[in-house]
Each structure stands twice: as structure tokens, then as C-alpha cells.
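Protein chains in written order, with this note's numbering: chain U, 20 to 532; chain B, 28 to 340. Notes follow the structure.
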């Protein structure tokens with residue numbers, strides 16, 4: 020039986036990168052879903068108009084040049100030469116407009132931007148204009164948004180799909196093409212190098228710079244069992260295991276053919292979220308009490324183990340990013356202030372209301388945090404109970420606004436990747452617009468007022484001040500408690516080189532020696 | 028016989044209808060909403076409502092069930108909520124690995140277990156008997172995933188004889204296929220073999236105590252002729268029954284085996300679909316499994332007529 024080219028390439032393993040992704044690729048539409056795995060798929064097959072570099076500054080990616088009018092209301096973009104879709108058609112301004120419009124229907128920052136937009140217009144084949152009703156200083160930042168939903172560019176015929184329906188055509192203009200015929204959801208996704216891609220000349224820097232595909236074929240091999248995945252890496256059946264669990268790291272570190280490294284410099288933040296519609300956490304003093312209890316070191320040991328892989332982060336923004344600070348959090352997060360917590364509980368008039376901490380046993384980061392929280396609450400004399408199911412049940416139950424005795428909840432945990440905690444624009448956990456806020460329904464008019472002002476801030480210094488003010492207010496009204504910032508190391512065979520240090524996984528520039 | 032088979036096949040239709048209704052109802056009533064998983068953390072209540080409407084999840088139970096059933100009778104099992112691919116496509120992708128794993132496991136288990144059970148019965152009370160019973164106890168007690176990990180550790184990592192994970196279709200070569208399927212078949216087959224060995228032993232012991240066995244021995248037949256030609260044939264009916272019932276064991280065991288060895292089969296497809304509430308896949312696969320189980324039972328019943336000429340339908 021003759022070999023197909025795919026078989027031949029697969030057999031030439033020096034040109035095929037076999038990668039175990041963090042999750043199963045189920046959806047191909049990075050606008051329809053916020054799942055990080057689909058975002059990562061998006062970075063393989065799509066490109067963006069702008070992208071953040073390692074200093075978190077937006078850089079042109081598909082855009083060659085752009086102008087902004089004196090009144091800051093008209094932006095004109097011109098695309099780079101040679102940009103083509105995977106089917107060979109040229110990328111046009113009309114494609115970009117349709118893509119931006121679709122993204123803005125689902126993404127919160129995009130929605131904010133769309134409120135300010137007066138019109139879009141394609142201007143020739145390679146240019147387009149966005150005209151605003153009022154200045155929107157974050158327009159370029161929005162188009163450079165690194166994480167879900169990332170404003171990936173798609174052909175107009177694809178981007179015209181209703182934003183609440185999935186696309187069926189994965190055509191993009193990125194450095195790799197998706198081979199849909201070989202996709203086995205739950206098992207394997209295959210990409211081949213886009214020979215027509217024109218990379219930028221700059222070196223790669225986070226999501227920006229030149230995206231040079233240095234392998235011919237990439238296979239995402241999803242292995243659900245972590246021990247098997249580690250064994251496959253050890254045996255050389257795969258080249259790179261994106262997120263091995265912490266307890267398997269020593270095993271891989273002892274293998275001379277495997278490198279374990281932190282290639283994500285920012286990591287993720289654990290989150291403890293309150294239900295502010297029901298007692299006792301409808302009382303600000305009770306939330307402040309929990310804030311006093313949280314020692315992030317306990318949470319991080321439970322989640323990330325080795326101290327090399329976590330840090331105490333006393334900020335609502337990702338630490339080691341421009342807006343992070345310890346404003347409003349002095350004395351917090353590095354010890355359990357039990358006496359202060361008890362005083363606040365007394366002040367709040369706690370009457371022994373049951374606190375239900377919901378958890379998901381199939382999400383170890385979530386569950387380990389929940390276990391720590393329940394013990395902390397009990398140590399402060401609170402009536403806390405852990406109710407654990409699976410993630411699907413948790414995210415259903417957290418929509419309930421009912422009391423705990425009618426199926427409601429008091430606290431849940433999750434974790435958010437650092438790119439989604441960079442600014443007040445993307446940090447959805449900071450939203451405090453009550454019933455319209457994220458689950459937990461935090462309500463704080465001052466935070467919302469400061470956030471609105473932040474969008475209109477004319478310069479970085481004002482943005483920084485407003486972001487700091489938001490943080491100070493957040494540690495008063497406590498919409499959530501950050502439980503620490505942790506890294507998830509990655510593990511790869513020693514012959515793999517060129518991995519880009521970034522908060523998301525990018526497979527361009529990676530090669531096998 | 029032919030009429031009997033037709034009657035049994037026709038009887039699967041109401042059985043599958045009841046199964047479909049039961050599964051659909053369970054999913055409808057159980058906690059979890061795929062729209063929430065799809066919508067993501069930043070979605071508003073309006074977003075979630077729009078997604079539910081787009082997926083038809085806002086319709087009453089009877090409308091959703093009726094619509095789904097209407098498509099099923101026309102061979103359309105629906106579209107996966109998350110992958111947007113037809114359920115029939117997803118099942119077709121995953122069918123071969125599961126069928127291959129199940130068949131090789133059956134072959135391995137039956138070909139090992141029946142001789143062991145026969146030997147244990149023939150040498151009842153001796154060390155052979157005790158060894159077989161020890162195997163049966165261990166096979167039933169040790170979880171499949173433990174066996175799987177041990178096999179991977181020993182034969183894949185240690186000796187490098189077999190790959191750690193994955194599946195290769197037989198169309199890509201018999202040896203590569205065999206290399207990938209061997210360890211999973213052994214892991215899954217151990218429990219199955221333990222069960223068959225025990226039942227074979229018990230059934231054989233009962234038959235070996237019969238007068239006609241003593242007569243056969245007295246007539247000078249060899250041990251082989253007595254054991255295989257007379258005893259095993261008469262003990263075969265309960266063994267065939269347990270092989271059929273054991274298919275249910277295999278279906279549950281397949282999930283664990285496919286997960287540990289990363290085999291892209293139906294078992295994993297089902298579990299993944301349950302965890303993310305991909306209702307069309309769950310419904311489609313359950314229907315398929317129930318049809319398969321009914322047909323396996325039919326095959327076992329038909330096999331009785333081959334094993335025992337006194338059985339006629």
C-alpha cells in the first residue's frame with residue numbers, strides 16, 4: 020500500500036513535532052468559545068492585526084502601517100504585502116472588518132470597542148478604516164489582545180458566520196494549516212506548515228515578531244492519562260508534554276533526555292470567588308474576613324508544590340506585569356490573620372449561616388484550592404461544607420442565585436491565565452456590575468466608575484493610577500480573593516529547541532535537532 | 028431458526044426505544060448545561076440563552092426528544108455540540124479501535140481462560156487448580172488500570188518491546204497493529220479471562236462428575252477425547268453465556284483501557300461526551316452500545332443450537 024504524504028511526513032519524525040496539548044481540541048472556533056486549547060489552535064492557523072510583545076506592547080503583525088487622525092477618531096490600517104489565506108486568496112480589508120465585527124460580538128473588550136465605533140470601511144484591497152464616535156485609546160490594545168477571545172482574522176465568508184454559531188471552515192492565514200481530514204476529536208489534530216506564509220522579519224517576541232514554522236508537520240496527540248503521557252515522553256514517542264501534573268515532574272526531571280522548564284513567565288492566578296447575593300458573603304465584612312484568612316503560600320503549595328513554581332501575588336493583576344502592585348494589600352496573603360478575621364466575622368454579625376464551597380474533583384487546581392479554603396473557614400469558626408462534583412456540574416451550579424439550601428453556593432474556585440489578568444479591560448473577575456457581573460455577581464459602583472474611566476485614560480500614567488485605585492477598592496469590597504500566582508512547567512525532549520517564552524504556547528520557531 | 032432470529036431482531040426496536048427514552052430523560056434531568064461550557068466564563072446570561080436557543084436546548088423535553096428521534100429513524104444521530112461534526116462521523120472514526128480491542132481481547136481471554144479452566148477442573152485439588160484460582164482471584168481483583176501501568180512500565184519503558192500508547196489500524200500493517208494492541212488486550216483481557224476461567228472450571232467440574240464421563244473413560248477414550256470431545260462440549264452452554272454477559276464487562280473496561288493507552292475508541296468518546304455534556308454523542312453511543320449488546324445476546328442464544336443439538340427455537 021503506497022504511503023500518503025502525511026504518512027511519509029509522519030514517518031520522517033525529524034520534521035514532525037509530536038505535542039501533547041493541555042486539553043482535547045473540541046472546537047475549532049476561537050470566537051465561539053473561550054477555551055484556551057481553541058485559542059492555541061487559533062494561533063496555529065490564524066494571524067492577528069497586532070500582537071503583544073514580551074514587554075506587553077502591541078506591535079503590528081498583519082498590519083504594515085497605520086495612521087490615527089488628529090482627533091483620535093479615525094484609524095486607517097494597511098496590510099502587509101503577500102498575506103494570503105490558506106486557499107490562496109489574498110487577505111483583504113473586508114476580511115479584517117468582518118473578523119473584527121464577529122470578535123466584537125463575543126469579546127467583552129471588543130464589545131466595549133464596538134460601542135465607540137461609528138463605522139468600518141474597506142479602502143481598496145489592502146486597507147481599511149475604523150471611524151469612532153469618540154476616542155477609544157485601547158483600540159490597538161484590543162486588536163492585540165493575546166488571550167480569549169483573541170481577535171484572529173478569518174476570510175469574510177467565514178467571519179460572516181453568526182458569532183453564536185461555530186464556523187465549519189478552518190481556513191486562516193497563519194503559519195500552519197489545519198488538516199481537517201486527519202482530525203480525530205479527543206485524540207489527534209494535525210497541522211502542516213503553510214509554505215505561503217510571509218513571516219515578519221523581526222525575531223519572535225511573545226505573540227509578536229516573525230512566525231517562522233521550522234517543522235513541516237505538527238501532531239497534537241491528546242493523551243488523557245497523565246502517567247501515560249509522561250511515559251510516552253520518556254519513551255520518545257512524543258516530543259513535548261505541555262502541562263504535566265506537578266507530581267510527575269520529578270520523574271521527568273530525572274530523565275537525561277527530557278528538559279523540564281518554565282517557558283510561561285507569568286503563569287496563572289488562583290481565584291476564590293464569593294456569591295454576593297446570598298448570606299454570609301453578601302456582607303462585605305465577611306468577605307474581608309476571608310481575605311484576612313488567606314495565606315497564598317498554603318494555596319500554592321497545594322496547587323503547585325515546589326516553591327520555584329509559584330509566588331505570592333498581592334495584586335488583582337498578574338504579577339510581573341505593568342499594572343501589578345501591592346497597593347491596598349499590605350499585610351495580606353503571606354500569613355493567616357486569624358484574630359483580625361474573627362473580629363471581622365463578629366463585626367459582620369455572622370449567625371452561623373452554612374457556607375457551601377462547591378468544587379470539581381476532575382479539576383485538580385480547583386479542588387486543591389477548595390480543600391484549603393474549607394479548612395481555613397473552619398479554623399475561623401465558620402460552618403463550611405465542601406460539595407464536590409465534576410466541572411460540568413460546578414459551572415451549572417454556579418449560575419444558581421438561590422440560597423444554599425435550594426441548590427445555591429457560597430464559594431467556588433477557579434484559575435485564570437495571566438494574559439486575562441493584565442488590565443481592568445480583560446480581568447472579568449473585577450467586574451462589579453451586580454447582576455450582569457461574572458458568577459458571584461459582585462457589586463461595587465466605584466469599581467465600575469473607575470473601570471469606565473480607565474478605558475478613556477489618555478496616557479499610561481493615568482491608566483496605572485486608575486488601575487491602582489481599582490485594586491485598592493477591590494481589596495475593600497473583595498469581589499474575589501487571588502490565591503497566588505503559579506506556573507505550570509512544561510517538559511520536552513532535549514532535541515527540541517526554539518520554544519518561545521510566553522504565557523501561551525506558540526509552535527512557530529520550534530525545531531527538532 | 029430464521030424466523031426466531033427475525034423475531035429477536037424485531038424485538039430490539041422497542042428495547043432500543045426504551046433505552047433511548049431512558050437515556051434522554053436522564054440527560055435532560057441531570058445537572059450540567061453544555062451551553063455554559065461553550066459560553067465560557069465571560070459570557071452574559073443573554074449569551075448563554077442565545078447559545079441554548081441555537082442548540083435547541085431551550086425547547087421542551089418532548090420537542091427535543093421527538094426531534095432527535097425523528098432524525099434517528101432516518102439514520103441521523105445529530106451533530107456534536109462541541110466539535111460541530113456529525114455524531115455518525117465521530118462514531119465511525121472511533122469504531123474500529125474499539126472493535127479491534129474488543130475482538131483481540133475476546134480472542135486472548137477465551138484462548139487463555141478455557142484451557143486454564145479445563146485444566147483446573149481436570150486437576151481439581153492440585154497445585155494446578157490452585158494456581159488457576161489464584162490467577163482468577165487476582166485477575167478479578169486487580170484494577171485494569173493497575174495492570175495497564177505495570178505492563179507499560181515493564182514492557183514499554185523497561186524492555187521497549189511495545190509502544191506506550193496509541194493505536195495503529197490493521198490497514199497500516201499487521202505487525203504495527205499487533206504491537207499497539209497487545210498490551211491493551213492483555214490488560215483488558217485479564218479480568219475477562221479470570222471470569223471465564225472460573226466459570227469454565229465450575230461447569231467442567233459438574234460435567235466431569237456425570238456418569239457418561241465415567242463411561243467414556245471406561246471405554247478407553249484418551250483424556251483429550253474425554254475432556255474436549257465430551258466434557259467441554261457439554262459444559263459449553265454456560266461458558267458461552269458468560270462470554271456473552273462478559274461483553275458488558277468489556278464495554279466498561281474498554282473505557283479505562285482506552286484512557287490509559289490513549290486509544291481513540293468509543294469508550295473514551297462516551298466518557299468525554301458525558302463530562303462535557305455533549306448530549307448528541309452520549310445518546311448516539313448509548314444507542315449503539317445497547318444495539319450491540321442485544322445482538323451479542325442474540326448471537327449467544329443462536330450459539331446454543333450449535334453447542335447443544337437439543338436446543339431448538
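No residue lacks a Cβ here, since even glycine has one placed at the ideal position from N, Cα and C. Since we're looking at a predicted model, the values are computed, not measured.
What separation, rounded to the nearest whole angstrom, lies between the Cα atoms of residue i and residue j?
{"i": "residue 152(B)", "j": "residue 259(B)", "result": "19 Å"}
{"i": "residue 241(B)", "j": "residue 224(B)", "result": "23 Å"}
{"i": "residue 514(U)", "j": "residue 309(U)", "result": "47 Å"}
{"i": "residue 29(U)", "j": "residue 209(U)", "result": "Unreliable positioning characterises residue 29(U) in this predicted model, as indicated by a pLDDT of 49, which lies under 50. The coordinate reading is nonetheless provided below. Those two C-alpha atoms are separated by around 10 Å."}
{"i": "residue 54(U)", "j": "residue 232(U)", "result": "24 Å"}
{"i": "residue 168(B)", "j": "residue 156(B)", "result": "18 Å"}
{"i": "residue 430(U)", "j": "residue 354(U)", "result": "21 Å"}
{"i": "residue 132(B)", "j": "residue 494(U)", "result": "59 Å"}
{"i": "residue 327(U)", "j": "residue 390(U)", "result": "22 Å"}
{"i": "residue 344(U)", "j": "residue 332(U)", "result": "9 Å"}
{"i": "residue 56(U)", "j": "residue 46(U)", "result": "9 Å"}
{"i": "residue 79(U)", "j": "residue 120(U)", "result": "19 Å"}
{"i": "residue 174(B)", "j": "residue 324(U)", "result": "29 Å"}
{"i": "residue 136(B)", "j": "residue 126(B)", "result": "15 Å"}
Please name the residue or residues paired with residue i in a DSSP beta bridge.
{"i": "residue 146(U)", "result": "97(U)"}
{"i": "residue 259(U)", "result": "38(U), 511(U)"}
{"i": "residue 292(U)", "result": "431(U), 499(U)"}
{"i": "residue 139(U)", "result": "149(U)"}
{"i": "residue 237(U)", "result": "36(U), 210(U)"}
{"i": "residue 71(U)", "result": "77(U)"}
{"i": "residue 16(U)", "result": "Here chain U comprises residues numbered 20 to 532, so residue 16(U) is not present and cannot be evaluated."}
{"i": "residue 109(U)", "result": "103(U)"}
{"i": "residue 260(B)", "result": "Partner(s): none; residue 260(B) has no beta bridge."}
{"i": "residue 196(U)", "result": "211(U)"}
{"i": "residue 378(U)", "result": "407(U)"}
{"i": "residue 278(U)", "result": "511(U)"}
Can you check whether the CB of residue j is closer than 7 Å to the CB of residue i?
{"i": "residue 140(B)", "j": "residue 220(B)", "result": "yes"}
{"i": "residue 164(U)", "j": "residue 170(U)", "result": "yes"}
{"i": "residue 360(U)", "j": "residue 407(U)", "result": "no"}
{"i": "residue 244(B)", "j": "residue 253(B)", "result": "yes"}
{"i": "residue 137(U)", "j": "residue 150(U)", "result": "yes"}
{"i": "residue 459(U)", "j": "residue 294(U)", "result": "yes"}
{"i": "residue 257(U)", "j": "residue 39(U)", "result": "yes"}
{"i": "residue 282(U)", "j": "residue 520(U)", "result": "yes"}
{"i": "residue 262(B)", "j": "residue 230(B)", "result": "yes"}
{"i": "residue 234(U)", "j": "residue 36(U)", "result": "yes"}
{"i": "residue 179(U)", "j": "residue 117(U)", "result": "yes"}
Does any residue of chain B bring its CB to less than 7 Å from the CB of residue i?
{"i": "residue 160(U)", "result": "no"}
{"i": "residue 183(U)", "result": "yes"}
{"i": "residue 412(U)", "result": "yes"}
{"i": "residue 24(U)", "result": "Residue placement at residue 24(U) is poorly supported in this model, since its pLDDT is 43, which falls under 50; the coordinates are not used for a value here."}
{"i": "residue 28(U)", "result": "Per-residue confidence for residue 28(U) stands at a pLDDT of 44, beneath the threshold of 50, marking its modelled position as unreliable; the derived number appears in the next sentence. It does not; no Cβ of chain B falls within 7 Å."}
{"i": "residue 203(U)", "result": "yes"}
{"i": "residue 5(U)", "result": "A question about residue 5(U) goes unanswered here, because the residues of chain U that appear run from 20 up to 532."}
{"i": "residue 121(U)", "result": "no"}
{"i": "residue 489(U)", "result": "no"}
{"i": "residue 263(U)", "result": "no"}
{"i": "residue 35(U)", "result": "no"}
{"i": "residue 214(U)", "result": "no"}
Chain U beta carbons: is any one of them nearer than 7 Å to that of residue i?
{"i": "residue 67(B)", "result": "yes"}
{"i": "residue 124(B)", "result": "no"}
{"i": "residue 295(B)", "result": "yes"}
{"i": "residue 63(B)", "result": "yes"}
{"i": "residue 289(B)", "result": "yes"}
{"i": "residue 189(B)", "result": "no"}
{"i": "residue 186(B)", "result": "no"}
For this session: Count the CB pairs spanning the stretch 274 to 294 of chain B and the stretch 54 to 69 of chain B that are closer than 8 Å, and state whether there are at least three.
Result: no
Exercise. Does the stretch 33 to 44 of chain B come close enough to the stretch 241 to 250 of chain U to have 3 or more Cβ pairs within less than 8 Å?
Worked result: no
Exercise. Below 8 Å, can you find three or more Cβ-Cβ pairs linking the stretch 276 to 292 of chain U to the stretch 429 to 439 of chain U?
Worked result: yes
Problem set entry | Three CB pairs or more closer than 8 Å across the stretch 498 to 509 of chain U and the stretch 176 to 188 of chain U | no
For this session: Please determine if the stretch 294 to 307 of chain B and the stretch 102 to 112 of chain B are in contact, where contact requires at least 3 C-beta pairs separated by less than 8 Å.
Result: yes
Problem set entry | At least 3 beta-carbon pairs within less than 8 Å: the stretch 316 to 323 of chain U vs the stretch 376 to 396 of chain U | yes
Exercise. Is the stretch 112 to 131 of chain B touching the stretch 74 to 91 of chain B in the sense that three or more CB pairs, one from each, lie closer than 8 Å?
Worked result: no
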